[in-house]
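First up is the structure itself, then whatever we jot down about it.
Numbering (my numbering), first residue to last: 204 to 540.
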């Protein structure tokens, strides 16, 4: 619960925050997340659920929470599956147009710690791009690679896990499973790029945010994963199982990162190519040691092939900044609930 004597918490209005969730055919997991939001103290002003054209009972599940979640629930069902990238882009758009000062992004396979928003509130007066911590499915402390080697375009796997007395560490990345970001930064860098579909989209978006503000990961546990994922245990680090779709987009989407780097004049061909080679090697290791197979390498090569075509597209442009004037301030600017 928010401490009424904490001046930094007092300067944060929970009603100014929106939780934006992306879901696809996982109504059981979504039920757990919405239940945990209903148990929060304090709760956000809005909860936005973006449904990527689920074929299960997701719509009915959302409707069942409208009267019992304790805050305003906004539901958007996409016409097609736009992937996590398209879902988070739409969720950010809806939250922004609702006039939200803070937007908290989440997948459907987590639940919120009851005082999660109060914990983030303590940091909101100081920073505008914040990542909290989360527990893994087994209750262990999940390690997230919060630093990017920019010339390589890949995360740094050995960035220190510990925190000092400040309680935070600078980051130049992002994770849509828990990104807490201020509307000012969203306005400056625009919405997440839906063209990624899945993978690299949140890392890039977090990096773009870090170019506009001091981005941090804070020593606050605010989420808990609710889905078990097959892993190869490397001690404090884990290598998760993947899928053929992920393998394809991991390689294909390197082309989108290359486009952004070129647009921002940070692209270094040799180093970026090394980052792509290291990514390819990591995915081979994941196949062999986590999934115990060699099948799936064709998806890596297919992603590389399609990425080369995307990289040659001279008509490509980055996602634009949002208009300086907030859409929510205009007559009729707020979307229907």
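Glycine residues also receive a C-beta, built at the ideal position from the N, C-alpha and C atoms. Note that this is a predicted model, so its numbers are computed, not measured.
Worksheet entry | Separation of residue 360 from residue 505, as counted between CA atoms | 26 Å
Worksheet item: Residues in its own chain within less than 7 Å of residue 219 by CB, not counting five upstream and five downstream?
Response: 248, 303, 304 and 305
Item to complete: Measure the CB-CB distance between residue 423 and residue 341 and report whether it falls below 9 Å.
Response: no
Practice prompt. Report back the beta-carbon spacing between residue 337 and residue 271 to the nearest angstrom; my notes put them in contact at under 8 Å.
Written response: Incorrect: roughly 25 Å between the Cβ atoms, too far for contact.
Discussion item. Taking 8 Å as the cut-off, does the stretch 374–384 touch the stretch 321–332 (at least 3 CB pairs, one atom from each stretch)?
Written reply: yes
Fill in: For residue 279 and residue 518, the rounded distance between their alpha carbons
30 Å
Worksheet item: Taking the alpha-carbon positions, what's the residue 483 to residue 520 distance?
Response: 26 Å
Worksheet item: What is the residue span of the beta strand (DSSP E) that residue 322 lies within?
Response: Note, residue 322: premise wrong, no beta strand (DSSP E); alpha helix (DSSP H) at 319–324.
Worksheet item: How big is the Cα-Cα spacing for residue 349 and residue 331?
Response: 16 Å
Discussion item. Beta-carbon within less than 7 Å of residue 477's beta-carbon, same chain only, minus the 5 sequence neighbours each way: which residues are those?
Written reply: 355
Worksheet item: Is residue 359 helix, strand or coil when you go by DSSP?
Response: coil
Worksheet item: Hey, is the stretch 366–380 in contact with the stretch 451–471, meaning 3+ C-beta pairs nearer than 8 Å?
Response: no
Item to complete: May I have the straight-line CA-CA distance separating residue 510 from residue 454, to the nearest angstrom?
Response: 7 Å
Worksheet item: Pick from 494, 451, 487 and 516: whose alpha carbon is nearest that of residue 507?
Response: 451
Worksheet item: If you follow the alpha helix (DSSP H) that residue 485 is part of, which residue opens it and which one closes it?
Response: 472–488
Worksheet item: Roughly how far, in whole angstroms, is the beta-carbon of residue 391 from the beta-carbon of residue 317, given that I think they are within contact range, below 8 Å?
Response: Not a contact, Cβ separation roughly 32 Å.
Discussion item. Check for me: the alpha helix (DSSP H) holding residue 233 runs from which residue to which?
Written reply: 230–241
Worksheet item: Going along the chain, which residues of its own chain have a beta-carbon closer than 6 Å to the beta-carbon of residue 425, five neighbours each way excluded?
Response: 316, 319, 322 and 335
Practice prompt. Give the DSSP-derived three-state secondary structure of residue 227 in the structure shown.
Written response: coil
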